[in-house]
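Numbering (our numbering), first residue to last: 1042 to 1217.
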Amino acid sequence: MKKILIALVLFCSISVIAQSDSDFTYTEFHEPKLNVGYLILGNFDVTYEYLLSEESGVGVNLMVPFDDYVEWNINYNLTGYYRFYFGDNYADGFFGEIFANLNDVRDTLPNQNGGEVRDDVTDLALGLSGGYKLVSSGGVVLEVFLGGGRNLFNEFNSERNFDFVLRAGLNLGYRF
């Protein structure tokens, strides 16, 4: 009887230890962020990121200028991205990302008469970025990133001012 009781206690304790390791859940995976670097320059730039795992996340970013402090010539930017994190903590540290950027800009294009005309041009850019993210124990997020991409679909890309797109930021947000 003692052997059965010892075996039963041992089996239950191993089962409890195994369950505590495998049932780990991390529920903080939403990150709204504001690009304070662009905000200072008169550009509303907001991001939402959803963390898929401790090593990856997907997000969407919207940028709309609201002030003429800097001549942006941008009507809007809408960016979707996938990030891969290299840090030891949950979605923290160095990261690399690939992005697709739908952009609408006021640009100078050649016309049929050999002159130039200013017009709104919508295009899609693909690119790469990299950066670093810090997350405090209270959930405050601070990240800095830099990257670029190339517009793909406009026939006048070689003659445009916005052949390449810049993706940069100093984001402040909250993880919940």
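Even glycine gets a Cβ: it sits at the ideal position worked out from N, Cα and C.
Beta-carbon proximity check, residue i vs residue j, cutoff 8 Å
i       : j       : result
Leu1092 : Phe1070 : yes
Val1206 : Gly1189 : yes
Ile1115 : Val1146 : yes
Leu1211 : Asn1076 : yes
Leu1213 : Leu1187 : no
Phe1217 : Gly1179 : no
Residue range of the alpha helix (DSSP H) that includes residue i
i       : result
Gly1078 : Val1077 to Ile1081
Per-residue DSSP class, three states only, for residue i
i       : result
Glu1184 : strand
Asp1109 : coil
Asp1145 : strand
Ser1178 : coil
Ser1063 : The pLDDT assigned to Ser1063 is 40, lower than 50, so where the model puts this residue is not dependable, and the model offers no usable value.
Asn1102 : strand
Glu1095 : coil
Glu1072 : strand
Residue i - containing beta strand (DSSP E), residue span
i       : result
Gly1210 : Phe1205 to Tyr1215
Phe1085 : Asn1084 to Leu1092
Phe1125 : Ile1115 to Tyr1126
Residue(s) in a DSSP beta bridge with residue i
i       : result
Ser1170 : Glu1138 and Gly1188
Asp1161 : Arg1147
Beta-carbon separation (whole angstroms), residue i vs residue j, contact threshold 8 Å
i       : j       : result
Asp1148 : Asn1192 : About 10 Å separates the two Cβ atoms, so there is no contact after all.
Arg1208 : Phe1135 : Rounded, the Cβ-Cβ distance is 16 Å, inconsistent with contact.
Val1101 : Thr1120 : 7 Å
Tyr1122 : Glu1138 : 5 Å
Phe1171 : Asn1142 : First, the residue type needs correcting, since residue 1171 is Gly and not Phe in the sequence shown. With a Cβ gap of about 16 Å, Gly1171 and Asn1142 do not count as contacting.
Val1176 : Asn1130 : 7 Å
Asp1133 : Lys1174 : 6 Å
Tyr1110 : Leu1082 : 6 Å
Glu1090 : Gly1078 : The Cβ separation is near 17 Å, so there is no contact.
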